[in-house]
Amino acid sequence: MTRVHDMGGRFGDGPVHPEPEDAPVFAEDWHGRALAVTLAAGSLGKWNIDVSRHARERLSPKDYARFSYYEKWISGLADLLVETGVLTDEDLRGETDGDKHPLASRVLKSDAVAKVLASGGPADRPSNVRVKFEPGQKVVTARQSANRLVDGGHTRLPRYAAGARGRILMMHGTHVLPDSNAHRLGEAPEPLYAVVFPASELWSNPEHPKDEVVLDLWQSYLEPA
Amino acid sequence: MPHDDHDHPHALLPPDPALRVKALETILTRKGLIDPAALDEIIDTYQNKIGPQNGARVVAKAWTDPEFKSALMKDATAVVAELGYYGRQGEHMVVVENTPEQHNMVVCTLCSCYPWPLLGIPPGWYKSDAYRARAVREPRKVLADFGVTLPDSSSVRVWDSTAEVRYLVLPLRPAGTDGLTEDELAALVTRDSMIGTGLPKVPS
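Chains as they are written, first to last, in the numbering used here: chain A, 1196 to 1420; chain B, 81 to 284.
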């Protein structure tokens, strides 16, 4: 069983409302601030991208549904800062003073921003896990989309693609396994594949017989079909 | 551990989102954990420097230079990095090409993964529940929300960005554009055409 963020295929959300191409990048000033605070706090080095994704997914279903996009970011960030011991509840309540923090030496300075954003954080790693599949091979995904290491933990197999039969389309190399990395259990890199599924394998009423959906899936999500 | 606390710390901050961001920024700044000038720099980068104009340049070049296109389809990460487009949320790039028989469309159902170095920060609709929920199940109805209708002879392939691989759609070059320069072609390439929810503009 996954969480509220896993919404692919869900009914009832109504139409998509596209903004014009020239709409502002940040609809409100605080959207940009929320993004920037989150990226800057990442430089403190207390979490990885999978931990931070999972922090947003762990918002209660009620909060996840009612929060706008950047509200999820800022709330997930506040939760992470307390969980990792960077801040305390008292800090968030504004009850403490502004003494220099022991992590202040890691602060992201403005002259380092361009370099940090440009260097990114690649997710490919060498791995000893044997490559089991090759393009063209038929596979089936795990019957349930669930983290097998931590109950209720982070995983990247969406519910709509659980137990589905598809075909390996391409091999992406070996990548960090989010199911492990999100819980600080190590990067556990393993082969990652693009897997293509006929829409008819995923939906009871596909729109067109030739339509397909491709997902990037780790080897441990897959079995030969 | 999943930490399913019922009292999430974020509830200690002001409920209004703008005030919540401001409060957290103030707390972190007072402790020396963030530098407000760095925040300005990050915002300026994504507001003014990195955006869909980068992706449009890649597409226009692929339309005009067969060797570039062939290299791009084989190893997009290396090829776009040579143009200076590399960085956060673009570490592993794959370009998928539209043909008369197959239309490609990109989504991230689990969050909002998007190729930042080539397209910038995703638009609001890309991050909306409606797009995330519907794009995989009924892409043609979603395309209709964008005013796009595909012929029945074309299949749709939807890419759900579930890993750190980021996808860019290479749209079909519009008819009547022979002889246009790369810059003129780039001006026809819309952001939505590189996500697959739109088509390039046609020359007037």
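Just so you know, even glycine gets a beta-carbon here, dropped at the ideal spot from N, CA and C.
Close Cβ partners of residue i (< 6 Å) along its chain, the five nearest in sequence each way excluded
i: I275 (chain B); result: V186
i: L1303 (chain A); result: A1235 and S1238
i: R1379 (chain A); result: none
i: D1274 (chain A); result: A1250
i: G1348 (chain A); result: N1342 and H1378
i: H183 (chain B); result: L230, S234 and V236
Close-in-space but distant-in-sequence residues of the same chain around residue i (CB under 7 Å, 5 per side omitted)
i: R1338 (chain A); result: A1357 and G1358
i: E1385 (chain A); result: S1322, V1324, T1369, L1372, W1413, Q1414 and S1415
i: E244 (chain B); result: E171 and H172
i: G1331 (chain A); result: R1362 and I1363
i: Y1355 (chain A); result: G1203, G1204 and L1397
i: A215 (chain B); result: M185, V187, V222 and V238
i: T242 (chain B); result: L190
i: G200 (chain B); result: Y126, I130, G131 and P132
i: R220 (chain B); result: L230 and V236
i: V1211 (chain A); result: none
i: D1245 (chain A); result: H1349, P1373, N1376 and A1377
i: P280 (chain B); result: P251, P254, L268, V269, T270 and S273
i: V1345 (chain A); result: H1378
i: D225 (chain B); result: none
i: W205 (chain B); result: Y211
i: W1242 (chain A); result: L1275 and T1279
Distance between beta carbons of residue j and residue i, contact taken as under 8 Å
i: V1232 (chain A); j: L108 (chain B); result: 7 Å
i: V174 (chain B); j: A158 (chain B); result: Not confirmed; about 12 Å, so no contact.
i: V228 (chain B); j: V139 (chain B); result: No, V228 (chain B) and V139 (chain B) are not in contact; Cβ-Cβ is about 17 Å, not under 8 Å.
i: D1208 (chain A); j: A210 (chain B); result: 4 Å
i: R1228 (chain A); j: E105 (chain B); result: 6 Å
i: A266 (chain B); j: R137 (chain B); result: 5 Å
i: Y165 (chain B); j: L113 (chain B); result: Incorrect: roughly 30 Å between the Cβ atoms, too far for contact.
Residue i: contacting residues in chain A (beta-carbon distance under 7 Å)
i: Y211 (chain B); result: V1211
i: V216 (chain B); result: G1203, G1204, Y1355 and V1408
i: Q133 (chain B); result: Under the 7 Å cutoff, chain A gives no residues; its nearest Cβ is about 11 Å from Q133 (chain B).
Buried or exposed (CB count within 10 angstroms, at least 16 for buried), residue i
i: M81 (chain B); result: For M81 (chain B), the predicted structure reports a pLDDT of 48, less than 50, and the residue's modelled location is therefore unreliable. A value from the coordinates is still provided. Exposed, because fewer than 16 other Cβ atoms sit within 10 Å of the Cβ of M81 (chain B).
i: H1200 (chain A); result: buried
i: G1280 (chain A); result: exposed
i: D1284 (chain A); result: exposed
i: L99 (chain B); result: exposed
i: D1411 (chain A); result: buried
i: T277 (chain B); result: buried
i: S150 (chain B); result: exposed
i: F1221 (chain A); result: buried
i: V1326 (chain A); result: exposed
i: F1206 (chain A); result: exposed
i: A1218 (chain A); result: exposed
i: V249 (chain B); result: buried
i: V282 (chain B); result: exposed
i: N178 (chain B); result: buried
i: E1290 (chain A); result: exposed
i: E264 (chain B); result: exposed
i: G135 (chain B); result: buried
i: E1252 (chain A); result: buried
i: A1260 (chain A); result: exposed
i: D1292 (chain A); result: exposed
i: K102 (chain B); result: buried
i: R246 (chain B); result: buried
Residue i: contacting residues in chain B (beta-carbon distance under 8 Å)
i: S1263 (chain A); result: P97
i: K1304 (chain A); result: D115, A117 and A118
i: V1277 (chain A); result: P89
Selected residue, minimal CA-CA separation from residue i, among the options
i: F1392 (chain A); options: B:W239, B:E264 and B:V249; result: B:W239
i: G167 (chain B); options: A:I1269, A:K1295, A:Y1264 and A:K1310; result: A:K1310
i: D120 (chain B); options: A:G1289, A:G1348, A:D1306 and A:P1213; result: A:D1306
i: E1266 (chain A); options: B:A91, B:D225 and B:D115; result: B:A91
i: S1399 (chain A); options: B:T261, B:E218 and B:P283; result: B:E218
i: S273 (chain B); options: B:P251, B:P89 and B:T261; result: B:P251
i: H1296 (chain A); options: B:P195, B:R110 and B:P89; result: B:R110
i: R1360 (chain A); options: A:T1336, A:M1196 and A:E1216; result: A:T1336
i: P203 (chain B); options: A:R1198, A:E1223 and A:D1258; result: A:E1223
i: H1226 (chain A); options: B:D124, B:F148 and B:K141; result: B:D124
i: Q169 (chain B); options: B:E162, B:E147, B:C193 and B:G112; result: B:C193
i: P1353 (chain A); options: A:E1329, A:S1314, A:M1365 and A:V1390; result: A:V1390
Residues near residue i in its chain [Cβ-Cβ closer than 8 Å; skip 5 each side]
i: A213 (chain B); result: T189
i: E181 (chain B); result: S233, S234 and S235
i: E1382 (chain A); result: R1320, V1371, L1372, S1375 and N1376
i: S1395 (chain A); result: P1401 and P1404
i: V1409 (chain A); result: L1364, A1389, V1390, V1391 and F1392
Listed by chain order, chain A residues near residue i by CB distance under 9 Å
i: P251 (chain B); result: Under the 9 Å cutoff, chain A gives no residues; its nearest Cβ is about 14 Å from P251 (chain B).
i: G200 (chain B); result: V1220
i: D225 (chain B); result: P1210, V1211, H1212 and P1213
Chain-ordered chain A contacts of residue i [CB-CB under 8 Å]
i: R246 (chain B); result: Result: empty, since nearest Cβ-Cβ is about 10 Å, beyond 8 Å.
heavy atom of the ligand ZN below 7 Å from residue i C-beta
i: T1283 (chain A); result: By its list of ligands, the structure shown contains no ligand whatsoever, and the ligand ZN lies outside what it can speak to.
Within chain B, the residues that residue i reaches when beta carbons sit closer than 7 Å
i: K1405 (chain A); result: S235
Chain B contact residues for residue i, given Cβ-Cβ distances below 9 Å
i: G1358 (chain A); result: Under the 9 Å cutoff, chain B gives no residues; its nearest Cβ is about 16 Å from G1358 (chain A).
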